[in-house]
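Residue numbers for the sequence shown follow the numbering used here, so the first one is 11 and each next one is one higher.
A virtual CB, placed ideally from N, CA and C, is assigned to each residue, including glycine.
I have placed the structure first, in the form of structure tokens, so that the comments after it can refer back to it.
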Amino acid sequence: MHSWRESCGIFGVYAPDEDVARLTFFALFALQHRGQESAGIATADGKRVRVHTGMGLVSQAFDEDALGRLGGSIAIGHNRYSTTGSSSPNNAQPILLNGHPGAIALGHNGNIVNAAYLRQELAELGYGFHTSTDSEVIADLILSSPGQTWVDKIRYAMRRLQGAYSLVIMTKDALIGVRGSLGVRPLCLGALDGGWVLASESCALDHIGAHFLREVEPGEVVLIDAGGVESFKEPSSRQALCIFEYIYFARPDSVINGRLLYQAREAMGGALAREYPVEADMVVGVPDSATVASIGYARQSGIDLSEALLKNRYVGRTFIEPDQRIRELGVKLKFNPLPGVLEGKRLVLVDDSIVRGTTTPRVIGLLRRAGAAEVHMRICAPPIRYPCFFGVDMATRWELIASQKSVSEIRDFIGADSLGYLSLEGLIEAVTLPRDILCLACFTGDYPIPVQLEMDKLALETMPATQESA
Ligand code: AMP
11 MHSWRESCGI FGVYAPDEDV ARLTFFALFA LQHRGQESAG IATADGKRVR
61 VHTGMGLVSQ AFDEDALGRL GGSIAIGHNR YSTTGSSSPN NAQPILLNGH
111 PGAIALGHNG NIVNAAYLRQ ELAELGYGFH TSTDSEVIAD LILSSPGQTW
161 VDKIRYAMRR LQGAYSLVIM TKDALIGVRG SLGVRPLCLG ALDGGWVLAS
211 ESCALDHIGA HFLREVEPGE VVLIDAGGVE SFKEPSSRQA LCIFEYIYFA
261 RPDSVINGRL LYQAREAMGG ALAREYPVEA DMVVGVPDSA TVASIGYARQ
311 SGIDLSEALL KNRYVGRTFI EPDQRIRELG VKLKFNPLPG VLEGKRLVLV
361 DDSIVRGTTT PRVIGLLRRA GAAEVHMRIC APPIRYPCFF GVDMATRWEL
411 IASQKSVSEI RDFIGADSLG YLSLEGLIEA VTLPRDILCL ACFTGDYPIP
461 VQLEMDKLAL ETMPATQESA
């Protein structure tokens, strides 16, 4: 029940002359890879805030009727990513809250480390909770904060929030984008004919005909209303942009911190080929997450690239399956190897990461049964030894295979002929960003802020949810 660990997709649009609900619907499609558990859109028309959420993919959560009922000139949208369990409709976002200054809707990407503490404090002040998410804690904290304007309240709340958060917030007449001071999760600002947009990733802007203006900066609040765009800054002492956005999470056609993900991943593959060369007949990437890196490996090594592993794109990511047994079946449901292409061949198999070590042995097994003679595994990241507390679900420390086994033990466990993990230096070079603005804690254990390593992930789940709102 890791319900409060989320890395989600968020979007917002302020465009009085557009069908903002439909634009948000299409933007959420572009951000679908960031979350498949539930989807939701909230709209405002200057007087009222409306919200519609549903379980599953964007296409399952919305139909014409639902979109038609939303209307308005401002919208925010959210795709929720959940890991194991807690697929509760209650936890779908945006969340809508009615407080003293009026209603707000909020969508959150990230994870608040001190949420349990803040929730306790808010409960003592009389705030009730309907969900087990830290996002509701953020919304209540904003409502309870002193200040004349929403921006004042948000800035006050930001000083108390610890961890990772990018937010889209909508009041009845304004759209507000917020990026936590560490800047762990991405958020960008774009322009549309007669309007403005905010999105987790720039690929969402491309699809709806908006153009990228800039990243929302760590510690920045962007207020968008009839007066245009206004920016406010909270101090940011340390930046910690999540490296996993580059390795796995974001789409290759997105640009984060000036770096096109496609180029970063291609460079990771190239660096892997330099660090771990091997005699082989073909390079195969595990689709889709390692496709680009496999291109980089093939180009650098001069070994042919082959699509010998086909992916059924309509089966969701293995991680969203609720238990280990279904997850294991999931790999087979997802991938189909090509025996005619693989027979007797020595493969370099490229993947983005090994987390629990569930997927890799199964993929290698499929390839061997289809006739592969050798499988040389190459991973675009160093061994993941430490859990993430900032929004990427990576299991607890004891579930992380690299925290339990050495590289040679992992090689034997996954059934590979050889195993090479990209070095930390190789990875940092590939993303072309200074090391000190990145969060590399999953590899190094050096967290950007102190975290309680054995933090109880069920803390919010086990607190009673009350039914009355504050
Ligand atoms: P595992 O089976 O636990 O080793 O998972 C590794 C696979 O899951 C990799 O091939 C990734 O493509 C994918 N993956 C890595 N991190 C995540 C994540 N946080 N959420 C969902 N999938 C992930």
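Enclosing alpha helix (DSSP H) for K163 [first to last residue]: 160-168
Neighbour-count burial assignment, K342, 16 or more Cβ in a 10 Å radius: exposed
Whether A308 touches G354 by CB criterion (9 angstroms): no
What residues are listed by DSSP as bridge partners for F345? K321
Please go through the same chain and pick out, in chain order, the residues whose beta-carbon is closer than 8 angstroms to the beta-carbon of D291, but skip the five residues on each side of it. I313, D314, K355, R356, L357
Would the C-beta of F254 count as close to the ligand AMP, meaning under 8 angstroms from any of its heavy atoms? yes
Backbone secondary structure at I305 - three-state DSSP: helix
With a cut-off of 8 angstroms, do at least 3 Cβ pairs link the stretch 183-200 to the stretch 223-232? yes
Across which residues does DSSP place W206 in a beta bridge pair? Y24, A201
Does at least one heavy atom of the ligand AMP sit under 8 angstroms from the Cβ of R366? yes
Which residues in the same chain have their Cβ closer than 7 angstroms to the Cβ of G112, if we skip the five residues on either side of it in sequence? T181, K182
Counting Cβ pairs closer than 8 angstroms, one from the stretch 42-49 and one from the stretch 221-229, do we hit at least three? no
Inter-stretch contact (C-beta, 8 angstroms, three-pair minimum) for the stretch 279-288 and the stretch 298-308: yes
Which of helix, strand or coil DSSP assigns to A126: helix
Neighbourhood of E262 by C-beta distance below 7 angstroms, restricted to the same chain and skipping five residues each side: With the sequence shown as reference, residue 262 is identified as Pro, and Glu is not the correct amino acid for it. So the list reads L271, Y272, R275, V302, once near-sequence residues are dropped.
Reference H43; option with closest CA among E131, S246, C18: C18
Using a 10 Å radius around the Cβ and a threshold of 16 neighbouring Cβ atoms, would you call L135 buried or exposed? exposed
For the ligand AMP, is there a heavy atom less than 8 angstroms away from the beta-carbon of V265? no
For my contact list, S145 and I105 are in at a C-beta cut-off of 8 angstroms; report their separation, rounded to the angstrom. 6 angstroms
Unbroken beta strand (DSSP E) runs of length 3 or more, entirely within the stretch 353-436: which are they? 356-361, 384-389, 428-431
Which of the three DSSP states is assigned to Y91 in this structure? coil
Buried or exposed, going by whether 16 or more other CB atoms sit within 10 Å of the CB of Q130? exposed
Does the Cβ of Q110 have 16 or more other Cβ atoms within 10 Å, making it buried, or fewer, making it exposed? First, the residue type needs correcting, since residue 110 is His and not Gln in the sequence shown. It counts as exposed.
For A260 and L251, I'd like the C-alpha separation in whole angstroms. 13 angstroms
Out of N346, L192, E28, state which residue places its alpha-carbon closest to the alpha-carbon of V207. E28
Per DSSP, what kind of secondary structure is S241 in: helix, strand or coil? strand
I'd like to check one pair, C390 with L359: are the Cβ atoms closer than 9 angstroms? no
Just to confirm, is the Cβ distance from C398 to A440 under 9 angstroms? no
Would you mind reading off the limits of the beta strand (DSSP E) that contains G173? 173-180
Under 8 angstroms: does the beta carbon of G302 sit that close to some heavy atom of the ligand AMP? In the sequence under discussion, the amino acid at residue 302 is Val, which differs from the Gly named in the question. Checking every heavy atom of the ligand AMP against the Cβ of V302, none is found closer than 8 angstroms.
Ends of the beta strand (DSSP E) at L107? 105-109
Below 9 angstroms between beta carbons: does that hold for V417 and Y396? no
V296 Cβ short of 8 angstroms to the ligand AMP heavy atom set: yes
Beta-carbon separation (whole angstroms), G173 vs N124, contact threshold 8 angstroms: 7 angstroms
Which partner residues of F222 appear in the DSSP bridge assignment? G200
Skipping 5 residues on each side, what residues in its chain have a beta carbon closer than 6 angstroms to that of Y457? A451
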